[in-house]
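In the numbering used here, the protein residues as written are 261 to 393. We put the CB at the ideal spot given by N, CA and C, even for glycine. One structure is given below, encoded as structure tokens.
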Amino acid sequence: MEGKMKSLIISSIFCLLITTGFSTNTSASEEHEKFLKNLPVKGMVTMIDLGRKTCTQCKMMAPILEKLEKEYRGKATIVFINLLEDPEQQYVYRLKALPTQIFFNPEGKEVYRHVGFMSEKDIVAQLKKMGVE
261 MEGKMKSLII SSIFCLLITT GFSTNTSASE EHEKFLKNLP VKGMVTMIDL GRKTCTQCKM
321 MAPILEKLEK EYRGKATIVF INLLEDPEQQ YVYRLKALPT QIFFNPEGKE VYRHVGFMSE
381 KDIVAQLKKM GVE
């Protein structure tokens, strides 16, 4: 009887661990979906750069976006959406070419759209124009 009980407990723990592992993956996917649905961020200027990690101009912009995201954290939201991972976003944002940068005011209204490579200087100028220092 004791052997059966130990076996049952071990099996239960194993099943629980497997289930938890799968729910963690689902949870990460759900969190990503929730994140995308909450863009643009209400109450904050948001810049969304949409492209593909394989596109030359997108690769050139990656370090710029990474730097600005850190620099403006808490003042503006700067996000890159990789369309290889989230292809449906090209329809959500009505894209015509890549990369595309879209700037939203704190109310979530699109105020500026740029297609192609956008320099750090130009991104900073647009953020300043929108009141972000």
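Residue i classed as buried or exposed, judged by whether at least 16 other C-beta atoms fall within 10 angstroms
i	result
M307	buried
A357	exposed
A336	buried
P300	buried
T360	buried
CB of residue i within 8 Å of CB of residue j, strictly
i	j	result
M320	F377	yes
L310	Q349	yes
I338	E329	yes
G303	P366	yes
Three-state class that DSSP yields for residue i in the structure shown
i	result
V375	strand
E393	coil
E290	helix
* To do: Please go through the region 294 to 343 and give each complete alpha helix (DSSP H) segment of 4 or more residues, from N-terminal end onward.
  => 316 to 331
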